[in-house]
Structure formats: structure tokens, C-alpha cells
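Just so we're aligned: 25 in full-length UniProt numbering is position 25 of the sequence shown, and the numbers increase by one with no gaps anywhere.
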Amino acid sequence: MSTEREEIAVVGAGLAGCLLACFLARRGYPVALYERRPDPRTGKVERGRSINLALSERGLDALRRIGLDQQVMADALPMRGRMIHPVEGEPQFQSYSVSGDRAINSISRGALNNALLDAATALPGVRIAFDHRLVGLDPTTGEMTFETPQGKVTETASVVLGADGAGSAVRGQLLAYGAVTESLDFLDYGYKELTIPPIGGEFALDPGALHIWPRGTSMMIALPNPDRSFTCTLFWPTHGTQSFASLGSPAAIETYFATHYPDLVPLAPNLVDDYQHNPVGVLGTVRCTPWQVAGRVGLLGDAAHAIVPFYGQGANCAFEDVVELDRCLDECGDQWASALPLFQHRRQANAEAIARMALTNFVEMRDKVASPVFQTRKKIEHALERALPGRYVSQYELVSFSTTPYAEVRRRVRRQYGVVGAVAAGALVALAGAAAALGRGRRG
Ligand SMILES: Cc1cc2nc3c(=O)[nH]c(=O)nc-3n(C[C@H](O)[C@H](O)[C@H](O)COP(=O)(O)OP(=O)(O)OC[C@H]3O[C@@H](n4cnc5c(N)ncnc54)[C@H](O)[C@@H]3O)c2cc1C
């Protein structure tokens with residue numbers, strides 16, 4: 001029971017940290033969950049910070065394991081495909097799956113975090129310390145220093161797990177200690193959130209799709225919310241002549257959107273205010289190694305491997321980390337000194353694979369989704385999936401609708417492309433042969 005095990009410290013009560021606390025408490029560990037913010041269930045939501053996110057199979061699989069999937073899905077809005085908005089003309093729908101019925105789910109980040117906090121709080125052995133910002137960590141002793149409204153406090157734990165997000169203080173402490181190395185690859189792009197409110201109490205756009213405005217250098221997406229609004233996220237370079245830095249005055253903002261996003265303008269009455277007041281978030285890929293030190297301090301979720309959001313997989317991947325760590329603890333008989341290295345061994349290549357796929361997907365969403373070549377490729381892909389069920393599965397389906405390890409998804413997709421390439425080459429050779437025979441026939 002919980003009293004037989006030593007307390008585990010989890011730093012960061014975000015998505016991964018809360019889920020991890022639930023899994024550890026179910027294993028019988030007392031858990032101390034430390035969070036720098038006040039309790040979000042009683043406070044205000046931060047303005048313009050990824051209000052909703054797309055939850056797909058990997059995240060759902062993790063939630064199912066703690067019996068939280070149905071509660072979270074009750075407010076989810078399934079999105080069965082992309083709705084592409086050209087500058088002129090009608091939007092076009094592209095289904096995510098060959099069957100047309102598979103969906104990724106738009107959910108409120110805040111509601112998901114609160115549901116996980118409630119679930120963690122309800123478990124015996126979990127204590128949550130809000131307003132505790134980690135500012136110091138000795139990885140050799142597990143001694144942590146926190147800044148709190150009452151001043152600095154120190155706590156010690158036998159195992160410290162950093163689930164404190166992309167700017168992880170735990171990772172920063174390990175770095176300062178010389179125990180890990182990191183690389184941070186920031187994109188030249190940032191993001192800003194804008195809102196499309198309901199019209200007459202109804203959604204202003206189809207809520208069954210993830211909306212995309214692909215514009216080459218910039219791109220906007222919109223996901224539906226349970227209150228029938230949409231949260232739009234504009235991705236754009238942070239500096240330069242065509243960038244967030246280039247628009248200041250209300251007139252310039254209005255002109256820019258009227259030119260590049262004309263169908264958004266009548267739907268977003270607070271566009272100028274949103275644009276001027278919502279912050280520009282940074283986007284990048286975080287890599288570090290190792291993910292654990294001495295089997296006593298570990299990193300997971302964004303703290304270990306933050307990725308760009310273009311595959312909608314960061315939180316899904318962080319949840320999958322928790323499931324894998326739980327599995328490693330099973331296999332290692334709860335010996336953390338073996339479980340943490342095993343966890344890194346199993347997850348690092350997968351995190352790298354989704355990091356790369358997410359970067360590639362940015363180019364696809366920004367530049368390609370509207371092109372006839374891309375649309376034809378999708379049609380061919382769906383035809384192949386129909387002709388070879390289970391043998392040809394698109395990358396999108398494998399990433400979003402399965403729990404196939406991300407690294408295996410990349411290997412499999414490369415093999416599939418090889419087969420398709422061979423088939424296409426074979427068809428071309430056959431066509432060339434037929435044309436040559438026809439030519440000979442005409443000459444003869
Ligand atoms: C614009 C955008 C859109 C996204 N869309 C999607 C999507 O559609 N689908 C998807 O799966 N993912 C999406 N993501 C990614 C997703 O948000 C992250 O991958 C996910 O939140 C990672 O969870 P985490 O728990 O590791 O980190 P976080 O959610 O960042 O949680 C970290 C927690 O640690 C706390 N903390 C930080 N520092 C300290 C400290 N020093 N002491 C104590 N506590 C601390 C923070 O306050 C926070 O509560 C998106 C990200 C962005 C930026």
C-alpha cells in the first residue's frame with residue numbers, strides 16, 4: 001500500500017504531470033505534485049494560450065486506462081477531416097480517414113487539465129502543492145527548492161519527475177549540473193490566437209472539421225469549442241516584412257486579413273482587439289539527453305521532447321510517455337534505476353520520429369493541402385487503403401488513429417511509399433512498353 005513506498009515528486013501539474021500522478025497513485029505511490037501556478041480550477045484562464053487541442057487515439061488510450069475517457073469525450077467535438085479555405089471560392093472538405101468516420105477530437109485544454117487534477121486529487125496518496133515554482137534541484141539527493149508566496153521552501157523525494165513543460169526548470173537544473181545536454185530549435189514562426197464567436201448561438205463554421213487557411217508564408221487553423229465558438233491560431237513569421245512584427249495599426253490589421261483571410265473578417269468581430277492584445281507564442285523543438293539521471297530524476301512530456309504543434313500530437317505523445325513509464329515500472333519491478341533508462345530507451349526514438357513528422361506536416365498544412373497534387377495524392381492514398389485494407393495505411397491514420405509507435409510509423413510509411421513508387425514505376429514501364437509496341441505496329 002501507499003505507506004510502503006517512498007514519495008515520488010512530480011514537478012508540473014499540467015497534462016502529463018496530472019496523468020502521471022494518477023498512474024503512480026494507482027501503483028500505490030504517495031505522490032507530491034508541485035505546480036508553479038495557482039489552482040486553475042479556481043483561477044482565470046490565461047489569454048491566448050492554446051485554448052483547445054486535438055486529442056486522438058494515443059491520448060484517449062491513456063485516459064481509458066484511468067477511466068477518464070468518457071468524461072473527457074463528453075464535451076469533445078469530433079473533427080472528421082480538414083476544411084480547406086482558399087482565398088477565393090468555397091471551402092473544400094478532405095476526410096482524415098478512408099472510411100470518413102474517424103475523427104480527432106477538439107477538447108478544451110483547461111477542462112482536460114481540470115478533469116485530470118480532479119482525478120489525481122481523488123486518489124489516496126496524492127497531494128498537490130500549487131504556487132510552488134521549482135527553482136533548485138540537487139539530482140544527487142533529490143532536494144528541491146521552490147519559490148512560494150510564503151518564501152522559499154525545500155522538499156526532498158526519492159524520485160523527482162520533471163513534467164514541467166517545454167521550458168522545464170527540472171531540465172534546466174540538470175543542465176546546470178552538467179548532467180544533460182539540450183538543443184532548442186526555434187521556428188522563425190510564432191502563433192497568435194483569435195476567436196470566431198457563435199453567430200445567433202450557433203457555430204459560424206462547420207464544427208465537424210479542423211479548418212485550415214493555407215497561405216504559404218502564413219497559415220491559420222480553427223478548432224471548435226463546446227461554447228460554439230472557434231479558436232483560430234494564426235502561424236506567421238515573428239520578424240520581417242510579412243510577419244507579426246509588420247502589423248500594428250487597426251487599419252493595417254484589417255487590410256491584411258481582408259486580403260489574405262477574407263472569409264474570416266465577417267466572422268471575427270473582435271479580430272483587431274484579439275490581434276493587438278493576444279500574445280505571440282514561440283514554437284520549437286526541444287531535444288535533450290539523457291532523460292534521466294542516476295535513476296533518481298527523470299523527464300517526460302514536453303520537458304523531455306517538446307515538438308511543434310502541426311500534427312496535434314504533443315499532448316498525445318506526453319500521455320503515451322506516461323503509459324510507457326508505467327509499463328517500464330511493471331517490467332522492472334518498480335526499480336526506478338532500471339525503469340527510467342528503459343523508458344528513455346523505448347521512447348526517445350519515438351519522440352524524435354513525431355518531432356520530425358510534425359515539422360514536415362507544417363509544410364504540408366501551410367503550402368500543400370490546397371494543391372491539386374496533394375489532393376490527388378490523398379485520393380490515391382484512400383484508394384490504396386480501400387484496395388489493401390490493413391496493408392496500406394496512411395501516415396495520418398497511423399499517427400492519429402492508432403498507437404503504433406511513431407518510429408515504426410515512419411519506417412512503415414517509407415516501406416509503403418517504396419511499394420507505391422515501385423507500382424507507379426512498373427505502371428510507367430508498362431505504359432512505355434505499350435506505347436513503343438503501338439509505335440512499332442503503326443510503322444509496320
Ligand atoms: C499552439 C499549440 C497547439 C497545440 N495543439 C496540440 C494539439 O492539438 N494536440 C496535442 O496533442 N498537443 C498540442 N499541443 C502540444 C501540447 O500543448 C503539449 O505537448 C502538452 O501540453 C505537453 O504537456 P506537458 O504536461 O508535458 O506540459 P505542459 O502542458 O506545458 O505542463 C507543464 C506544467 O508545468 C508547470 N510548470 C512549469 N514550470 C514549472 C516550475 N518551475 N515549477 C513547477 N511547475 C512548473 C506549468 O505551469 C504547467 O502546468 C499544442 C501546443 C501549442 C503551443
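All C-beta atoms in this analysis are idealised placements derived from N, C-alpha and C, irrespective of residue type, glycine included. Here the structure is a predicted model, which is why all the values come from computation and not from measurement.
query: Quick one, are the C-beta atoms of G284 and T238 less than 7 Å apart?; result: no
query: Whose C-alpha, out of A351, R296, L117, is nearest the C-alpha of C317?; result: A351
query: Mind checking which residues open and close the alpha helix (DSSP H) that includes D185?; result: That residue, D185, is in no alpha helix (DSSP H); its beta strand (DSSP E) goes 181-196.
query: Examine the Cβ distances between the segment 322-335 and the segment 275-283 and report whether three or more of them are shorter than 8 Å.; result: no
query: What is the DSSP secondary structure of D138, counted as helix, strand or coil?; result: strand
query: Measuring from the CB of E35, is there a heavy atom of ligand 1 at a distance below 6 Å?; result: yes
query: Am I right that residue 446 and P139 are in contact with their C-beta atoms under 8 Å? What's the rounded C-beta distance?; result: Because the chain spans 1 through 444 in this model, residue 446 falls outside it and cannot be assessed.
query: Answer with buried or exposed for P405, where buried requires no fewer than 16 other C-beta atoms within 10 angstroms of its C-beta.; result: buried
query: Y275: buried (16+ other C-beta within 10 angstroms of its C-beta) or exposed?; result: buried
query: Output yes or no for whether 7 Å exceeds the beta carbon distance between S97 and N52.; result: no
query: Determine the direct distance from the alpha carbon of G167 to that of T3, and round the result to whole angstroms.; result: Only weak support is given to the placement of T3: the predicted model assigns it a pLDDT of 45, under 50, and the value that follows is read from those uncertain coordinates. Each residue's alpha carbon lies about 33 Å from the other.
query: Could you tell me whether the Cβ atoms of residue 464 and C22 are closer together than 7 Å?; result: Lying before the first or after the last residue shown, residue 464 is absent from the chain, which here runs from 1 to 444.
query: Tell me which residues share the same chain as G136 and place their Cβ nearer than 6 Å to its Cβ, disregarding the 5 neighbours each side in the sequence.; result: T145
query: Spatial neighbours of Q375 within its chain, please: CB distance less than 6 Å, with the 5 preceding and 5 following residues excluded, ordered by chain position.; result: none
query: How many whole angstroms separate the CB atoms of R82 and Q94, which I take to be in contact at a CB cut-off of 8 Å?; result: 5 Å
query: Would the C-beta of N350 count as close to ligand 2, meaning under 6 Å from any of its heavy atoms?; result: Ligands in the displayed structure: ligand 1; ligand 2 is not one of them.
query: Given V126, which residues of its chain have a CB within under 6 Å of its CB, disregarding the five upstream and five downstream residues?; result: A21, A25, V31, A120
query: Which of the three DSSP states, helix, strand or coil, is assigned to H211?; result: strand
query: State buried or exposed for G17, treating a residue as buried only when at least 16 other CB atoms are found within 10 Å of its CB.; result: buried
query: Starting from the C-beta of T181, find all residues in its chain whose C-beta is less than 7 Å away, skip the five residues before and the five after it, and write them out in chain order.; result: C288, T289
query: For E155, which residues from the same chain have a beta carbon less than 6 Å from its beta carbon, with the 5 sequence-adjacent residues on both sides left out?; result: M144
query: Give the single residue among P38, R5, A13, A9 whose Cα lies nearest to the Cα of Y29.; result: R5
query: Decide yes or no for the touch test of the segment 202-221 against the segment 262-275: beta carbon pairs closer than 8 Å, at least 3 of them.; result: yes
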